[in-house]
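Numbering (the working numbering), first residue to last: 43 to 255.
Written below as structure tokens is the structure these notes are about.
And the structure:
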């Protein structure tokens, strides 16, 4: 399959998933709310409402990069740079995003999620090679305390800021609820992959901690 064909198929899949999200959601719009669940209460928002995603999300620790590299682990030349995602979904005055050149990697701080198929979603662009992909992994500790890394996406990107698809966090399938009291702490690692020079940038990393609410 050619790169163009792959990107076309990806675009069709994106539209289908967004249509499904719009059809299945039933909650009224709200700027923010808080939830009392197995995880601590957290501020919830609907940042992807303009893209027919009515789910509630919580921002990953410093997910908007407005506090510099705080709460992130950066390596290989990853750095916070000026230039926010162009939709300013978090706040109109936001100014920063994260640059991921070839050979770099960036990991968020941990976020508590429920064992109900949570998802992660963010904004991304790739000004480099069309063959450069972004690998997304969920990091967690298994029931024995052993650190694990589970790939959840390997995606292409365009040259303009766009929201990614919602990415299921599959670590919940590896956790018996009786062991974790129905919750688990996860982090997310972003790494340029594929071929060619990376021009990846990401911003506003959000987690839907209990998908479907």
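For glycine and all other residues, C-beta sits at the position ideal for the given N, C-alpha and C.
All of these numbers come straight from a predicted model, not from anything done at the bench.
* To do: Could you tell me if residue 90 is buried or exposed, where buried requires 16 or more neighbouring beta carbons within 10 angstroms of its beta carbon?
  => buried
* Asked: Taking all protein chains shown into account, do 16 or more other C-beta atoms lie within 10 angstroms of the C-beta of residue 124, making it buried, or fewer, making it exposed?
  -> exposed
* Asked: Are the beta-carbon atoms belonging to residue 119 and residue 139 less than 8 angstroms from one another?
  -> no
* Asked: For residue 234, which of helix, strand or coil comes out of DSSP?
  -> strand
* Roughly how many whole angstroms lie between the Cα atoms of residue 134 and residue 156? -> 30 angstroms
* To do: Starting from the C-beta of residue 183, find all residues in its chain whose C-beta is less than 6 angstroms away, skip the five residues before and the five after it, and write them out in chain order.
  => 189
* residue 141, buried or exposed, once every other Cβ within 10 Å from all chains shown has been counted against 16 -> buried
* Asked: Could you give the distance in angstroms between the alpha-carbon of residue 53 and the alpha-carbon of residue 239?
  -> Confidence at residue 53 is low in this model, with a pLDDT of 38, below 50, so its placement is unreliable and the value that follows should be read with caution. Approximately 22 angstroms between the Cα atoms of the pair.
* To do: Check residue 22 in the structure and name its three-state DSSP category.
  => Given that the chain is displayed from residue 43 to residue 255, the structure contains no residue 22 and the question cannot be resolved.
* To do: Return the CA-CA distance between residue 208 and residue 108, expressed in angstroms with no decimal places.
  => 23 angstroms
* To do: Pick out whichever of 82, 98, 85 has its Cα sitting closest to the Cα of residue 253.
  => 98
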